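Participant: Quick one: the structure is below, questions incoming.
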Amino acid sequence: MSAILNITHLVLIKDVLEDAHFIESKWFNLGLKLNLPINELKNIESNHSSDVSRHLIECLNLWLQSGKARPQLLANALDEIGSKLVADDVRRILLDPASRILLDNEDELNHLSLSDELVSSLCDEKLIAEETREMLVRDQNVLAGKSLRRVCRTVADDHDKLKVLADVFMRFNETRSLGEKLLKCYRTKLSKVEPNVSQSSQATNVHVLVPSSSWELSTQIPDDKSTYSSEMQRDQANATETYESQQAMTSKEMEIDKRTIPVVEELSEVQRSSVSEGIKQDQVGKESQASEATESFSFIFPEDKIREYQKELARPGLEGKNYIICAPTGSGKTLIAALIIYDHLDKMKERGIKGKVLFIVSTQQLARQQNTKLREYISGIKVVDITGESDSPIHSTLPQVDIIVCTAGKLCGELCHDLIHMYDITLLVLDECHHTRGRAPYAEVMEHYLTDKRNGRRLPHVIGMTASPGAGHGRSLLKVKVIDHQVRLCARIDATHGIKCVQENITELNKILPTPSFRSHSLPPRSRNDHFSQVISKAMDDLEQKLPDKTICAFDRFTLAYQQWIKSEIEAAQLSEMDSQRDQINILKFLEVYHLALITYEDFEIENARDILDNVKLFDESVMNDMEKHLNEVHNQVLVNVNGIKGSRNALLDEAEVILMNHFRTKPASKALFFVRSVDHTRYVTQWIKRNPELSALVRPCSITGHSRKASMSKAEQLKVIGEFRSGKYNLLATTSVLEEGLDVPECNMVIRFQIMSDEVADVQAQGRARAADSTFHTIITTDSPVHHRLLINNDKTEQAKLAAEHISKVGVDLSTIAIIQKEILELREKRIREANERKQTWRAEDVELHCSKCALNACNAAELCKFDNGSVVVPSQTFVETKMKKVSRGSKKVPPPVGEFYRPLKIVCIKCNEEWGVWGIWKNSCIQYPVLQCKKFTFYNKATLERQVSKQWKSVPFEITFFANFEDN
1 MSAILNITHL VLIKDVLEDA HFIESKWFNL GLKLNLPINE LKNIESNHSS
51 DVSRHLIECL NLWLQSGKAR PQLLANALDE IGSKLVADDV RRILLDPASR
101 ILLDNEDELN HLSLSDELVS SLCDEKLIAE ETREMLVRDQ NVLAGKSLRR
151 VCRTVADDHD KLKVLADVFM RFNETRSLGE KLLKCYRTKL SKVEPNVSQS
201 SQATNVHVLV PSSSWELSTQ IPDDKSTYSS EMQRDQANAT ETYESQQAMT
251 SKEMEIDKRT IPVVEELSEV QRSSVSEGIK QDQVGKESQA SEATESFSFI
301 FPEDKIREYQ KELARPGLEG KNYIICAPTG SGKTLIAALI IYDHLDKMKE
351 RGIKGKVLFI VSTQQLARQQ NTKLREYISG IKVVDITGES DSPIHSTLPQ
401 VDIIVCTAGK LCGELCHDLI HMYDITLLVL DECHHTRGRA PYAEVMEHYL
451 TDKRNGRRLP HVIGMTASPG AGHGRSLLKV KVIDHQVRLC ARIDATHGIK
501 CVQENITELN KILPTPSFRS HSLPPRSRND HFSQVISKAM DDLEQKLPDK
551 TICAFDRFTL AYQQWIKSEI EAAQLSEMDS QRDQINILKF LEVYHLALIT
601 YEDFEIENAR DILDNVKLFD ESVMNDMEKH LNEVHNQVLV NVNGIKGSRN
651 ALLDEAEVIL MNHFRTKPAS KALFFVRSVD HTRYVTQWIK RNPELSALVR
701 PCSITGHSRK ASMSKAEQLK VIGEFRSGKY NLLATTSVLE EGLDVPECNM
751 VIRFQIMSDE VADVQAQGRA RAADSTFHTI ITTDSPVHHR LLINNDKTEQ
801 AKLAAEHISK VGVDLSTIAI IQKEILELRE KRIREANERK QTWRAEDVEL
851 HCSKCALNAC NAAELCKFDN GSVVVPSQTF VETKMKKVSR GSKKVPPPVG
901 EFYRPLKIVC IKCNEEWGVW GIWKNSCIQY PVLQCKKFTF YNKATLERQV
951 SKQWKSVPFE ITFFANFEDN
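By UniProt numbering, the letter at position 788 of the sequence shown is numbered 788, and the numbering carries on one by one without gaps.
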């Protein structure tokens with residue numbers, strides 16, 4: 001009897017059919033020959049009418065779940081529908097014992113990166129062809145997938161090749177143990193069988209089937225040659241009778257293929273003995289492998305550090321369930337994750353398998369921190385952190401370590417390029433998993449997971465962690481809506497066990513994490529009729545009058561809606577064909593500067609607003625037109641008028657001063673966090689404190705930021721600042737949202753959120769930073785402002801999100817609902833991919849010109865563009881460099897750190913209007929230097945259709961961009 005196949009073999013079977021060029025349109029007939037119900041096949045056809053490629057997968061999926069799926073049945077069915085060559089290949093891969101030996105060791109092969117010398121030896125021994133060798137090079141010398149199946153065919157055709165393969169493996173240290181295992185299998189399972197037994201004029205190879213731990217074969221050809229010969233003859237007769245009854249074939253067609261395996265219905269005593277011996281040998285091999293794994297890994301976990309509520313939260317994870325850990329900031333979620341990771345690696349070790357864990361974080365700053373924490377919690381663990389700044393690829397590093405801490409974006413990039421797959425991972429931990437929404441990298445990573453789940457691939461165990469799953473978009477506070485939002489989050493990360501909150505040990509949790517006292521400070525806005533505001537407003541009046549009538553704005557200049565109006569008008573101007581396009585964009589950009597000065601003045605000091613005005617770069621006299629000359633004159637007059645203005649009192653800063661003075665006078669040894677909206681605001685806060693003698697006598701401020709276009713702190717700089725804050729050199733840390741999520745800072749006695757408009761999840765994260773006893777949490781906002789309204793909504797949504805999470809923790813989630821949501825997610829993904837592909841085919845690159853978004857200069861043709869794997873788009877054209885652009889210095893700003901593979905020492909600008917186009921990229925470890933373009937700085941003009949488009953990202957442009965490697969070949 002052949003092996004029983006199951007859903008885990010779906011990908012292998014589909015790949016084998018694809019290799020043999022099976023015609024997918026025959027899927028329905030194949031399903032009928034596999035005895036699948038015709039109504040089920042019709043359901044598949046109707047449910048996936050828009051996606052024909054799904055028909056075969058769903059058909060095989062249905063068959064594999066029937067409990068009657070055997071390779072021989074599949075091969076016979078393929079013969080019946082006229083796909084004999086495909087049937088032959090199924091027998092070679094799925095039934096031949098030599099091929100099966102390799103497939104039984106697939107996991108170990110997948111985890112080995114073969115040396116170049118070893119690959120050359122395989123080629124010399126004719127085990128692989130030159131084409132397969134090139135395939136291995138592309139796959140980082142890992143023998144997996146298509147290259148492994150090719151080797152399976154080689155050893156199926158000549159069993160002695162398996163011995164040759166084992167001999168080659170034993171020559172090299174990294175594959176010696178695997179080579180010894182393959183040689184042992186060859187000697188015990190294949191060497192006793194005559195490779196060629198002549199029955200007639202045609203020689204027929206008869207191969208042995210042996211027990212296997214993963215495939216559970218139950219057929220063995222006995223050592224007794226007379227028994228062997230008679231049973232072989234009987235099986236050949238049975239096979240002939242079966243084929244004759246299925247379809248009319250000629251006698252020549254009915255000859256047993258030399259790779260066909262005899263199907264033995266009953267086992268003799270000799271066979272049973274042989275099977276038992278094979279199982280014993282297999283068990284001994286597994287025990288030996290487990291022993292080796294035990295010796296290789298030695299982990300120590302401080303279980304005495306785990307509190308009862310943490311054990312409660314970890315329980316589903318220790319049982320192997322997919323779920324979300326929901327607990328407040330500071331409750332030790334990383335320690336809980338470490339316990340689950342330790343348990344997972346220990347269990348994998350007992351099974352003789354090397355566990356591979358990916359710990360996903362939301363920012364580069366968190367990667368190093370979680371790396372350090374995991375090393376602290378699990379002694380002897382091998383952990384590395386890999387982010388977008390790192391040159392180390394995840395796929396080649398994973399086999400060498402136990403845990404990789406990486407950003408979702410880095411993992412997403414390698415998944416998209418098929419460098420790594422979900423079946424390469426055994427445990428996936430998603431820190432701050434509430435980010436799994438929309439088009440975020442977290443969501444894209446889990447879409448790859450859900451695709452593999454649908455296709456029957458092996459999947460990792462998944463754990464999510466968050467302080468709050470959130471309440472969803474919009475202002476609806478209906479309980480059912482909030483629960484639906486959180487159930488959808490569970491579906492996105494396949495948390496089939498739902499959300500786990502502390503229930504049994506809530507008293508202990510509250511004792512460990514005391515709740516801070518909350519105080520909201522709502523203050524009137526600064527007067528909009530003072531001298532500074534009037535000067536800026538007058539200039540804006542003058543500029544708005546020079547815009548076309550249709551662009552008149554009805555929004556308040558002090559609101560974010562005005563800023564959005566400016567951005568939309570700039571985009572519209574880029575698409576226009578008016579001669580005044582350049583002037584209109586320049587006017588709008590000056591309005592944007594003045595708007596920023598107004599809202600900065602409303603929140604901070606007049607000096608900060610003046611800094612914004614002072615840093616405006618005026619137009620170069622050598623290339624400016626009349627309008628640009630006028631804008632220079634207007635701005636110079638603004639600078640003269642605001643110079644010397646003192647400005648009115650700022651109620652927001654006055655209130656912040658009172659809070660800080662009262663706090664640090666009574667608690668001089670305490671620490672405080674001051675959250676603001678942007679990178680510039682962190683600088684304004686520290687400058688404001690330092691300019692106030694009375695305040696600076698008590699408060700020692702410093703600031704920390706993440707990565708942004710305006711400023712960037714390296715990991716080392718961030719860690720230095722946090723270390724100095726921890727040591728007491730500074731007692732107030734001004735920061736953006738980079739510290740709201742995860743980043744480890746000392747316990748703080750006070751947290752201030754200053755004019756921040758965020759969602760309820762960010763509010764919960766920030767509140768969790770006030771961890772010290774008797775701590776206070778302050779929000780400082782302008783009365784009756786959008787920030788004020790958002791705060792009131794968030795307070796309600798925070799409570800609703802908490803209640804919904806507790807509800808799901810008690811009742812769980814409905815698996816059928818999860819399945820429906822996951823199906824919707826994948827359908828949307830497929831639609832998005834389909835539309836993206838259609839969009840790429842909309843325009844021919846040769847027809848598209850890139851025009852400067854500001855002056856409409858024809859910069860280059862889209863066919864001149866090429867892209868790198870990391871998404872960077874360059875123009876490898878000397879003509880472009882010499883005639884269309886200029887390189888300019890970054891001025892006083894330091895050169896930013898390299899992005900992936902290249903440095904960015906200079907900016908590039910339009911030669912006509914000085915509009916910034918991108919950067920001058922210098923690739924590391926090579927002589928490549930090219931201009932790297934920003935997509936949003938250009939308008940795309942189709943000279944064939946006369947259409948214009950703009951796009952913020954290169955992946956969204958309506959034409960195909962050639963990869964750099966292919967570009968060079970052309």
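All C-beta atoms in this analysis are idealised placements derived from N, C-alpha and C, irrespective of residue type, glycine included. The model shown is predicted, which means the values in this text are computed figures rather than measured ones.
(1) For P211 and L190, I'd like the C-alpha separation in whole angstroms.
(2) Tell me which residues share the same chain as V642 and place their Cβ nearer than 7 Å to its Cβ, disregarding the 5 neighbours each side in the sequence.
(3) Please state whether DSSP places T387 in a helix, a strand or coil.
(4) For the beta strand (DSSP E) containing E849, list its first residue and its last residue.
(5) Would you call E18 buried or exposed, if buried means 16 or more other Cβ atoms sit within 10 Å of its Cβ?
(6) My output table needs one value for K546: the three-state DSSP class, helix, strand or coil.
(7) Below 8 Å on the Cβ atoms is my guess for N110 versus A144; work out the distance and round it to an integer in Å.
(8) Could you check where the alpha helix (DSSP H) with L732 kicks off and where it finishes?
(9) Taking DSSP as the reference, what is the three-state secondary structure of P71?
(10) Look at the Cβ atom of V462, then the Cβ atom of A408, and state whether they are nearer than 9 Å.
(11) Apply the 10 Å Cβ neighbour rule to M77 and answer buried if 16 or more other Cβ atoms are within range, or exposed otherwise.
(12) Within the continuous beta strand (DSSP E) that includes I585, where are the two ends?
(13) Between M885 and the ligand MN, is the CB less than 8 Å from at least one heavy atom?
(14) Determine the DSSP secondary structure at M757, reduced to helix, strand or coil.
(15) Assign V957 to one of two classes, buried (16 or more other C-beta atoms within 10 Å of its C-beta) or exposed (fewer than that).
(16) Counting beta carbon pairs with one atom in the stretch 786 to 794 and one in the stretch 755 to 762, are three or more of them shorter than 8 Å?
(17) Less than 9 Å between the beta carbons of K810 and Q370, yes or no?
(18) Give the straight-line distance between the Cα atoms of Y323 and Y601, rounded to the nearest whole angstrom.
(19) Whose C-beta lies closer than 8 Å to the C-beta of T842 among residues of the same chain, with five residues either side of it excluded?
(20) Return helix, strand or coil for W843, following the three-state DSSP convention.
(21) Given that a residue counts as buried once 16 or more other Cβ atoms are within 10 Å of its Cβ, and exposed if not, what is K252?
(22) Would you tell me roughly how many angstroms separate the C-alpha atoms of P524 and Y594, rounded to the nearest one?
(23) Is Q65 buried or exposed, if buried means 16 or more other CB atoms sit within 10 Å of its CB?
(24) Skipping 5 residues on each side, what residues in its chain have a beta carbon closer than 7 Å to that of L865?
(25) Terminal residues of the continuous alpha helix (DSSP H) containing A805?
(26) Evaluate F518 with the Cβ neighbour count: other Cβ atoms within 10 Å of its Cβ, from every protein chain shown; 16 or more gives buried, anything less gives exposed.
(27) Under DSSP, the alpha helix (DSSP H) around A337 begins and ends at which residues?
(28) Rounded to the nearest angstrom, what separates M750 and S568 at their Cα positions?
(29) Can you find the residues in the same chain that come closer than 7 Å, C-beta to C-beta, to W565, ignoring five residues on each side of it along the sequence?
(30) Helix, strand or coil: which one does DSSP assign to V361?
(31) Alpha carbon to alpha carbon, what distance is there between S46 and G388?
(32) Report yes if the C-beta distance between L575 and L547 is below 9 Å; otherwise report no.
(33) Quick one: residues in its chain with C-beta nearer than 6 Å to the C-beta of M446, no 5 flanking neighbours on either side, listed in chain order?
(34) With a threshold of 8 Å, are at least 3 pairs of Cβ atoms found where one atom belongs to the stretch 643 to 663 and the other to the stretch 716 to 726?
(35) Return the residue from the list R149, T945, F777 and V909 that minimises the CA-CA distance to E849.
(36) Per DSSP, residue 1040 forms a beta bridge with which residues?
Facilitator: So, from the listed chains and residues:
(1) Its pLDDT being 32, under 50, P211 is placed unreliably by the model, and the measurement read from it follows with that caveat. The straight-line gap from Cα to Cα measures roughly 13 Å.
(2) When the five nearest sequence neighbours on each side are left out, the beta carbons in the same chain lying within less than 7 Å of the beta carbon of V642 are those of F532, V535, R610 and L613, in order along the chain.
(3) In this structure, T387 counts as coil in the three-state DSSP scheme.
(4) Counting along the chain, the beta strand (DSSP E) containing E849 begins and ends at V848 to C852.
(5) Exposed.
(6) Three-state result, K546: coil.
(7) Correct: roughly 5 Å between the Cβ atoms.
(8) Per DSSP, L732 belongs to no alpha helix (DSSP H); it is in the beta strand (DSSP E), L732 to T735.
(9) The answer is helix: DSSP assigns P71 an H, G or I state.
(10) Not closer than 9 Å, so no.
(11) Going by the sequence as given, residue 77 is Ala instead of Met. Flag for A77 reads buried.
(12) Taken as a continuous stretch (DSSP letters only), I585 belongs to no beta strand (DSSP E), being part of the alpha helix (DSSP H) at Q581 to D603.
(13) With respect to the ligand MN, the structure shown offers nothing to examine, as it has no ligands at all.
(14) The answer is coil: DSSP assigns M757 none of H, G, I, E or B.
(15) By the 10 Å Cβ count, V957 comes out buried.
(16) The stretch 786 to 794 and the stretch 755 to 762 touch, with three or more beta-carbon pairs separated by less than 8 Å.
(17) In this structure, Q370 does not lie closer than 9 Å to K810 by Cβ.
(18) Roughly 47 Å separates the two Cα atoms.
(19) Result list for T842: P958 and F959, in chain order.
(20) Coil, per DSSP.
(21) Residue placement at K252 cannot be trusted, given a pLDDT of 36 that sits under 50; what the coordinates show is reported in the next sentence. So K252 counts as exposed.
(22) Approximately 22 Å, taken between the alpha carbons.
(23) Exposed: under 16 other Cβ atoms inside 10 Å.
(24) Contacts found: V873, V875 and I961.
(25) Residues P786 to V811.
(26) F518 comes out exposed.
(27) Counting along the chain, A337 sits inside the alpha helix (DSSP H) bounded by residues K333 to E350.
(28) For M750 and S568, the distance between alpha carbons rounds to 40 Å.
(29) Take W565, set aside five residues on each side of it, and the residues of its chain with a beta-carbon closer than 7 Å to its own are C553 and F555, in chain order.
(30) V361: strand per DSSP, three-state reduction.
(31) Roughly 43 Å between the two C-alpha positions.
(32) No, the Cβ-Cβ distance between L575 and L547 is not below 9 Å.
(33) Only T436, R492 and I493 meet the Cβ criterion.
(34) By the Cβ criterion, the stretch 643 to 663 is not in contact with the stretch 716 to 726, since fewer than three pairs of Cβ atoms, one from each stretch, lie closer than 8 Å.
(35) Here the closest residue by C-alpha is T945.
(36) Outside the shown range of the chain (1 to 970) lies residue 1040, about which nothing can therefore be said.
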